[in-house]
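*Asks:*
There are 2 protein chains.
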Amino acid sequence: MKDIKPRSACPLSYGLDFIGDKWSLLIIRDMALNNKSTYGEFLNSEEQIATNILADRLGMLEAYGFVTKQVAADKKSKFLYRLTEKGISLVPVIIEIGLWGSVYNPPGLNTQLLSALQQDKEGTIRRIQENLRRHE
Amino acid sequence: MKDIKPRSACPLSYGLDFIGDKWSLLIIRDMALNNKSTYGEFLNSEEQIATNILADRLGMLEAYGFVTKQVAADKKSKFLYRLTEKGISLVPVIIEIGLWGSVYNPPGLNTQLLSALQQDKEGTIRRIQENLRRHE
DNA sequence: AATTTCACTTGCGAATTGCAAGTGAACAAA
DNA sequence: TTTGTTCACTTGCAATTCGCAAGTGAAATT
């Protein structure tokens, strides 16, 4: 994996050095909100990521500790990707971009989740993160 | 400006279609948090964006209504970029990425702002946004 | 033994990025 | 009035990244 060199000390810039692209956060979304965990499941997402890009991003996310990779219990050729605490801590980021998108793009966010976030943003985010920590 | 076509109905994906790159949010950061407003000021930022990329991103941000462009009062060859409401509503996004970065990258965020956010995140974000609306 | 599933890898053209130099209008100084 | 400077870009080109399509290889299934 080619290494990422921070462009500045700014924490926003630092974050963008890792997740400043069109795909990384979608993979994390799939793990955080859609209960997906395998290469095949990520490939099936609506946005149609290319196979090489997916492999590249999963490699980056693993190399930098956003996710872990383990062999599946049922099949030795299948791998399960799970968010680490570092990955879980990006949940507020994907939620805020999603909330922005649900305002500026009519069709939208899972209605259930959207209304939960509107009722109690902090609590909803916390509950999502706690669920992920139970790696459920 | 080449047009952006949404990859899916997902609001996160929709947001990333616009701001899913390494530069757009840094420009918005400069306007939202660093009180910058001109091409020259954006160029001087620590991350050293290339002139053509900056011009391209400013064009995109203007074309899609994140910022407005007006001639400066003092010089006719100088332009002032200002965040619109659509741009201001990205403040929570840059704050969340910044908070993430300040945890996973030691040197960091403006200490003043960081501690304000730790004390009262919602209030601090709201105050930043209100200040921007007064286009101060 | 043959096929299918799963997770990738490879090759290659197209698009994007990034460096360096150039352009042109407005204003300032000589 | 010419000359230089500031400001905001544009242009050309090499290098990197993206994205499509096809291929590979190990493991499981038929």
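Chains as they are written, first to last, in my numbering: chain R, 1 to 136; chain A, 137 to 272.
From the three backbone atoms N, C-alpha and C, an ideal C-beta is built for every residue, glycine too.
(1) Mark A209 (chain A) as exposed unless 16 or more other C-beta atoms lie within 10 angstroms of its C-beta, in which case mark it buried.
(2) Check the Cβ-Cβ distances between G342 (chain A) and every residue of chain R, and say whether any is below 7 Å.
(3) Which term fits G161 (chain R), buried or exposed, when burial requires 16 or more other beta carbons within 10 angstroms of its beta carbon?
(4) Applying the 10 Å Cβ sphere with the 16-neighbour rule, what's the burial state of A32 (chain R)?
(5) Just reading off the alpha helix (DSSP H) that K121 (chain R) is part of, what are its end residues?
(6) Could you tell me which of R:K121, R:L99, R:L83 and R:R127 sits nearest to D30 (chain R), measuring between CA atoms?
(7) Could you check whether L152 (chain A) and E183 (chain A) sit closer than 7 Å to each other, using their CB atoms as the reference points?
(8) Select from the segment 138 to 155 of chain A all residues with a C-beta closer than 8 Å to any C-beta belonging to chain R, and list them in chain order.
(9) Note the first and the last residue of the continuous alpha helix (DSSP H) segment covering R193 (chain A).
(10) So, is the C-beta of K158 (chain A) closer than 7 Å to a C-beta in chain R?
(11) Give a yes or no on whether 7 Å exceeds the smallest Cβ distance from G237 (chain A) to chain R.
(12) Using beta carbons (cut-off 7 Å, strictly below), is I189 (chain A) in contact with chain R?
(13) Got a sec: is the Cβ-Cβ distance from R133 (chain R) to anything in chain A below 7 Å?
(14) Sorted by chain position, which residues of the same chain lie with C-beta nearer than 7 Å to I261 (chain A)'s C-beta, five sequence neighbours on each side aside?
(15) Grouping DSSP H, G and I as helix and E and B as strand, with all else coil, what is F215 (chain A)?
(16) In whole angstroms, give me the CA-to-CA distance for L80 (chain R) and G87 (chain R).
(17) Would you list the residues sitting across from N207 (chain A) in a DSSP beta bridge?
(18) Between which residues of its own chain and L268 (chain A) is the CB-CB distance below 7 Å, once the five residues before and five after are set aside?
(19) Only counting the same chain, and skipping five residues up and downstream in sequence, which positions put a Cβ closer than 8 Å to that of K5 (chain R)?
(20) Might you give, ordered along the chain, the residues of its own chain that have their beta carbon closer than 6 Å to the beta carbon of G123 (chain R), omitting 5 neighbours on each side?
(21) Ordered along the chain, which non-local residues of its own chain (more than five positions away) have a Cβ less than 6 Å from that of S24 (chain R)?
(22) Less than 6 Å between C-beta atoms, sequence neighbours within five positions excluded: which residues of the same chain meet that for I19 (chain R)?
*Replies:* Working from what's here:
(1) It counts as exposed.
(2) There is simply no residue 342 (chain A) to check, as chain A begins at 137 and stops at 272 in what is shown.
(3) Limits of chain R in this structure are 1 at one end and 136 at the other, which puts residue 161 (chain R) out of reach.
(4) buried
(5) In the DSSP annotation of this structure, the continuous segment of the alpha helix (DSSP H) that includes K121 (chain R) starts and ends at K121 to R133.
(6) R:L83
(7) no
(8) P142, R143, S144, A145, C146, P147, L148, S149, Y150, G151, L152, D153 and I155
(9) T187 to A199
(10) yes
(11) Flagged as an interface residue toward chain R: G237 (chain A), by a C-beta distance shorter than 7 Å.
(12) no
(13) It does not; no Cβ of chain A falls within 7 Å.
(14) V227, P228 and I231
(15) strand
(16) Take the alpha-carbon of L80 (chain R) and the one of G87 (chain R): they are about 15 Å apart.
(17) Reading off the sequence shown, one finds Val at residue 207 (chain A), where the question assumed Asn. Note: V207 (chain A) sits in a beta bridge opposite A:F215.
(18) A168, L219 and I224
(19) Only D17 meet the Cβ criterion.
(20) none
(21) R57
(22) L25
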